[in-house]
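J.: Counting from 2, one number per residue, gives the positions in the first sequence under this note's numbering.
Here a beta-carbon is modelled for each residue, glycine too, at the ideal position from N, C-alpha and C.
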Amino acid sequence: MPELPEVETVRRDVSLRYAGHTLVDIAVTGRRTVRRHPPTELARLTGQRLVGVGRHGKYLLFEWEDGRVLVVHLRMSGQLLAAAAGDPRALHTHGVLVFDGVGELRFVDPRTFGELFLATPGSGTGPDAGLPALAELGHLGPDALVVDAAHLQAALARRRAPLKVVLVDQRALAGLGNIYADEVCFEAGLRPDRAAGSLTPEEVGRLAGSVRTVLEAAIAGRGSSLRDLQYRDLYGKPGRYQLDHKVYGRPGLACPGCGQPVQRVRMGARSAFVCARCQR
DNA sequence: ACAAATACCTGTAAGC
DNA sequence: TGCTTACAGGTATTTG
C-alpha cells in the first residue's frame, strides 16, 4: 500500500524522468479515475510543460508551467508506470499521460480507489516546503517527513484515541499509514494502543525522532512491497524495506529487539502489530 | 464537537 | 477440486 515512503520514491523517479517535458496527450479511460470534476477538463493540460513534482503526505502534485496542479493519489493499489508508446497495456490501466520525448506515464489501479484531479490553487494556507496551497488538500496536517516534536505534541495532546489512530489521521499528520504507524511505534518503544494524550514530553520527542528515522530508512529502501506486490516503483520494481519491518505483518515471529513473539492486537476494525516487551 | 462505522473496490488466501 | 467468504486498507461520507 503506498504510504509516504512509496509515494516519495515514485515522486523522485517521476520528477527525474518527466520534469521539463511537455505533455502532448492525456487520456483517462477509468470510469472512477477522475471523480471530482468532468474528466474532459484534463485535456486542458496538453501542451503544458511539467515543471516539477511535489508531494504532501500521500498526495502527488504534478506542477505545470501555467501554475495548474494535477493531483494524483494512489490510494490502495494505484501505480504510476513508465512505458513506451507501443508497450502492451497492463490490465486496469485507467489513464495515460504522453510526454514529448520520454514516452508515457501510465496510471494502473486494480481496486480503483486511486484518483486524479485538477486542484484549485490559491486558497488556504499551503504546507511549508514550497508547495502550492490547494483547497482540496487543506485538511492535511504537516507532512510526516518534516514534522517536529512541537507539532506532534499539539496533535496528540488531550486526545483519548489510541496513538496509532492519531498517527494515521491525515489531518493530524500526513503520510503515515498502517505499515509505518506500526513501525514508528515500535521504533519509539511505544504501544500503538496507548491513549495519544498520555505520552510524556520525552516520549513525544522520541516519537518525533522515530517518525523521521523510520521514514528516511524506508525511502532509502525504496518503500515496502507486500506479498501482493501492489506497490511497485515507476519501473515496476518492488521496494525492499519490507525486509526491514520489525513488527508489521510479523505475528508470532520473533521481535528483533528481544526475541519475544510479535503480537497482533485488534484496534477497532483494524489491527496493529506490537512487541509487548519492547513497547510500553 | 468529536468518534466510530461504513462505502468504495478487486485480488488473494483461507475455509469448507 | 471448486466454491464461498474474509480480508487487505486510505479517505470521504454518514451515523452515532
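Can residue 64 and residue 53 be called in contact, C-beta distance under 9 Å?
T.: Yes.
J.: What distance in whole Å lies between the Cβ atoms of residue 117 and residue 71, which are believed to be in contact at a cut-off of 8 Å?
T.: 6 Å
J.: Can you list, in chain order, the stretches of the beta strand (DSSP E) that have 3 or more residues and sit fully within the stretch 33-97?
T.: 51-57, 60-65, 70-74, 80-84
J.: Kindly indicate which residue of 138, 209, 202, 76 has the alpha-carbon position closest to the one of residue 168.
T.: Of the candidates 138, 209, 202, 76, the one whose C-alpha sits nearest the C-alpha of residue 168 is 209.
J.: Given residue 200, which residues of its chain have a CB within under 8 Å of its CB, disregarding the five upstream and five downstream residues?
T.: Closer than 8 Å at the Cβ level, and outside the excluded window around residue 200, lie 157, 164, 191, 208.
J.: Using the rule of at least 16 other Cβ atoms within 10 Å of the residue's Cβ for burial, across every protein chain shown, is residue 11 buried or exposed?
T.: buried
J.: Out of 73, 59, 256, point me to the one whose CA is closest to residue 224's CA.
T.: 59
J.: Helix, strand or coil: which one does DSSP assign to residue 225?
T.: Coil at residue 225, not helix or strand.
J.: Using a 10 Å radius around the Cβ and a threshold of 16 neighbouring Cβ atoms, would you call residue 274 buried or exposed?
T.: buried
J.: Measuring straight from C-alpha to C-alpha, what distance separates residue 204 and residue 189?
T.: 8 Å
J.: Expressed to the nearest angstrom, what Euclidean distance is found between the alpha-carbon atoms of residue 182 and residue 237?
T.: 25 Å
J.: Of the choices 218, 42, 92, 102, whose alpha-carbon is the least far from that of residue 51?
T.: 102
J.: How is the beta strand (DSSP E) around residue 16 delimited, first residue to last?
T.: No beta strand (DSSP E) holds residue 16; the alpha helix (DSSP H) holding it covers 5-19.
J.: Helix, strand or coil for residue 126? Go by DSSP, reduced to three states.
T.: For residue 126, the predicted structure reports a pLDDT of 49, less than 50, and the residue's modelled location is therefore unreliable. A value from the coordinates is still provided. Reduced to three states, the DSSP call for residue 126 is coil.
J.: Name the DSSP beta bridge partners of residue 144, please?
T.: Partner residues in the beta bridge of residue 144, as assigned by DSSP, are 175.
J.: Using DSSP's beta-bridge definition, name the partner residues of residue 262.
T.: 255
J.: Taking the continuous beta strand (DSSP E) assigned at residue 134, which residues delimit it?
T.: Element bounds for residue 134: n/a, residue is neither H nor E.
J.: Taking only the alpha-carbon atoms, compute the straight-line gap between residue 241 and residue 5 and give it to the nearest angstrom.
T.: Their backbone Cα atoms lie some 15 Å apart in a straight line.
J.: Only counting the same chain, and skipping five residues up and downstream in sequence, which positions put a Cβ closer than 7 Å to that of residue 152?
T.: For residue 152, the CB contacts under 7 Å within the same chain, skipping 5 residues up- and downstream, are 143 in chain order.
J.: What number of angstroms, rounded off, separates the C-alpha of residue 97 from the C-alpha of residue 46?
T.: 13 Å
J.: Please report the distance separating the alpha-carbon of residue 269 from that of residue 104.
T.: 45 Å
J.: Just how far apart, CA to CA, sit residue 19 and residue 62?
T.: 13 Å
J.: Helix or strand or just coil, what does DSSP make of residue 191?
T.: coil
J.: Between which two residues does the alpha helix (DSSP H) carrying residue 168 extend?
T.: 164-168
J.: Alpha carbon to alpha carbon, how far is residue 145 from residue 179?
T.: 14 Å
J.: Is DSSP giving residue 219 helix, strand or coil here?
T.: helix
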